[in-house]
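Heads up, the thing below is written out as structure tokens.
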Amino acid sequence: LVSELKLAVPWGHIAAKTWGCLQGPPVLCLHGWLDNANSFDRLIPLLPQDFHYIAIDLGGHGLSSHYSPGFPYYHPNFVSDVRRVAAAMKWDRFSLIGHSFGGTVGGMFSCIFPEMVDKLILLDSLPFALDCNEIENLLTYKRRAIEHVLQVETLQKPPTVVSPEEMLRGQRTALISSARRCLCAPSGSCRPTSCSS
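Just so we're aligned: the sequence shown equals residues 1 to 197 in the UniProt record's numbering.
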């Protein structure tokens, strides 16, 4: 039985398809470049059905929302998509199946968040080699950057909309308070003084 879902992200949603047992160990399936979650339609039915498979459309692919203008389509952003999906599904640990480009994204995710990955399965993926400096960079800086962005996204409140009249009223109040501070001495008695910033 296949069901579809949409996971909210700041630029819209990530579309996904699910198969298998909801209580089973989670397996996230990542498609190749310029492909979509339908890549797994014929494979998943052949796999053990006691797992919970979720195939996502990476940002800008398939039924998922496109990234905001100016936001590049490159590996680290797709790694962030995987982290967002894991957070939305409340997964602490899961397996990854990656096809082609999805395998590269899955491999990078496994390097950055090794404690979250149970198994990594690569299908027709190119191997990638990292030197020692790049491994340290992945494990420290990229991880920190991804976690910081996700934290900001969860804490972010919708912008406050203020009418021009409210802005002027607020500006006038701020000016009056500022003038009062300039004119009142620290002792509390009001007398003209020179204003300092």
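Positions of the beta carbon are idealized from the N, C-alpha and C atoms, including for glycine.
A quick note: this is a predicted structure, and the numbers were derived from the prediction, not measured.
Is the beta carbon of residue j closer than 9 Å to that of residue i?
i: H75; j: G32; result: no
i: G70; j: N36; result: no
i: W79; j: M116; result: The sequence given here places Val at residue 79; Trp does not occur at that position. It is not a contact, given that the beta carbons lie outside the stated cut-off.
i: L150; j: R84; result: yes
i: F113; j: P26; result: no
i: L96; j: L120; result: yes
Once the 5 residues before and after residue i are set aside, which same chain residues still bring their CB inside 6 Å of it?
i: I54; result: A16, T18, L28
i: G102; result: L30, H31, G32
i: F40; result: C29, A55
By DSSP, does residue i sit in helix, in strand, or in coil?
i: W11; result: coil
i: L139; result: helix
i: C29; result: strand
i: H148; result: helix
i: L34; result: coil
i: L155; result: helix
Per DSSP, residue i forms a beta bridge with which residues?
i: S3; result: T18
i: F94; result: V117
i: A55; result: K17, C29
i: H61; result: Paired residues: none, contrary to the question.
Going along the chain, which residues of its own chain have a beta-carbon closer than 7 Å to the beta-carbon of residue i, five neighbours each way excluded?
i: H13; result: K6, L7, S64, S65
I'd like the list of long-range same chain contacts for residue i, defined as Cβ closer than 8 Å, with 5 residues on each side in sequence excluded.
i: Y67; result: W11, G59, G60, Y73, N77
For the alpha helix (DSSP H) that contains residue i, what are its first and last residues?
i: H75; result: 75-89
i: G70; result: No alpha helix (DSSP H) contains G70, which DSSP labels as neither H nor E.
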